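> Starting off with a structure, shown below.
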Amino acid sequence: MGPQRYILTQAYNNAWANHRLLKACALLSAADLDAPRQSFFPSIIHTLNHILTVDWLYVGALEGHCPGASAFEPQIPFPAFADLDREQRAVDRRLIDHCRGMSEADLAGEVRIPRKSHVQVERADRILLHLFQHQIHHRGQVHAMLSSTPVSPPQLDEFFPSDPQEQALRAKDFAELGFTESMIWSD
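All residue numbers for the sequence shown refer to my numbering, where the first residue is 1447 and numbers rise by one.
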């Protein structure tokens, strides 16, 4: 698997993990989503909004129109879960579409991110690796917070084995997302 296919596969896996987590969170009441919890951010809804705003920052930067610090104002742009769910799914699609179109040269290209004191310049592949790790980190926090709610945390450490039985386990999620195995694996 070449670097472009690897990055695209990570983008699909990212959207799939978000889908599973958001499906579980959709079963929570607004009170459960906003209840104080022990984590880096003080609630599930706050953590989910943080994932979204960081996605806006980095996906925007990859697309050439980084919102800079404005991505984080307000910190919780979507206190209503349905709105957050819609926006997270939209940025996940943008990330997949962007990764699908990337060449090896694009992966090595520069991405500019305005910071308070300077403009950070990074390679696109490094931004993508950071973005995927950031998602994994904070999804794990939400996963842990779910364990203190009436909703069981979903399995998020799924991967993409080619075994037909494994494919069958993800078929429902993929259908809900509009994904197919060939979409992810075919060049």
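Every residue gets a Cβ at the ideal spot worked out from N, C-alpha and C, and that includes glycine. What you are looking at is a predicted structure, and each value in this text was computed from that prediction instead of being measured.
1) Would the segment 1551 to 1564 count as touching the segment 1458 to 1471 if we require 3 or more Cβ pairs under 8 Å?
2) With 8 Å as the threshold, decide whether the Cβ of G1514 is near any Cβ in chain B.
3) By the three-class DSSP mapping on this structure, what secondary structure does R1561 have?
4) Please identify the residue among Q1534, L1474, N1460 and Y1504 whose C-alpha is closest to the C-alpha of N1495.
5) Look up Q1579 in the DSSP assignment and say whether it is helix, strand or coil.
6) In the DSSP assignment, what residue or residues form a beta bridge with R1569?
7) Just reading off the alpha helix (DSSP H) that P1493 is part of, what are its end residues?
8) Under DSSP, the alpha helix (DSSP H) around F1620 begins and ends at which residues?
9) Taking its Cβ as the centre, do 16 or more other Cβ atoms sit within 10 Å of M1548, making it buried, or is it exposed?
10) Just the Cα atoms here: how many angstroms apart are V1565 and A1515?
11) S1485 by DSSP, collapsed to three states: which one?
12) Just to confirm before moving on: does the CB-CB distance between L1623 and W1462 stay below 8 Å?
13) Over what stretch of residues does the alpha helix (DSSP H) that includes G1453 continue unbroken?
14) Within 8 Å, do at least three Cβ pairs link the segment 1612 to 1619 to the segment 1515 to 1529?
15) Mind checking F1486: buried by the 16 CB within 10 Å criterion, or exposed?
16) Hey, would you say T1493 sits closer than 8 Å to H1584, going by beta carbons?
17) When the Cα of P1488 is compared with those of P1607, Q1587 and F1625, which residue comes out closest?
18) Excluding the five sequence neighbours on either side, which residues of its own chain have a C-beta within less than 7 Å of the C-beta of D1531, listed in chain order?
Let me lay it out:
1) no
2) In summary, chain B is missing from the structure at hand, where a single protein chain is found.
3) coil
4) Q1534
5) helix
6) E1556
7) Strictly speaking, residue 1493 in this sequence is Thr, with Pro absent from that position. Where T1493 is concerned, the enclosing alpha helix (DSSP H) stretches over I1490 to E1509.
8) P1610 to L1623
9) buried
10) 12 Å
11) coil
12) Between L1623 and W1462, the C-beta spacing is below 8 Å.
13) In the sequence on display, residue 1453 carries Ile and not Gly. Start and end: P1449 to C1471.
14) Between the segment 1515 to 1529 and the segment 1612 to 1619, the count of C-beta pairs closer than 8 Å stays below three; the two stretches do not touch.
15) exposed
16) yes
17) Q1587
18) L1468 and A1472
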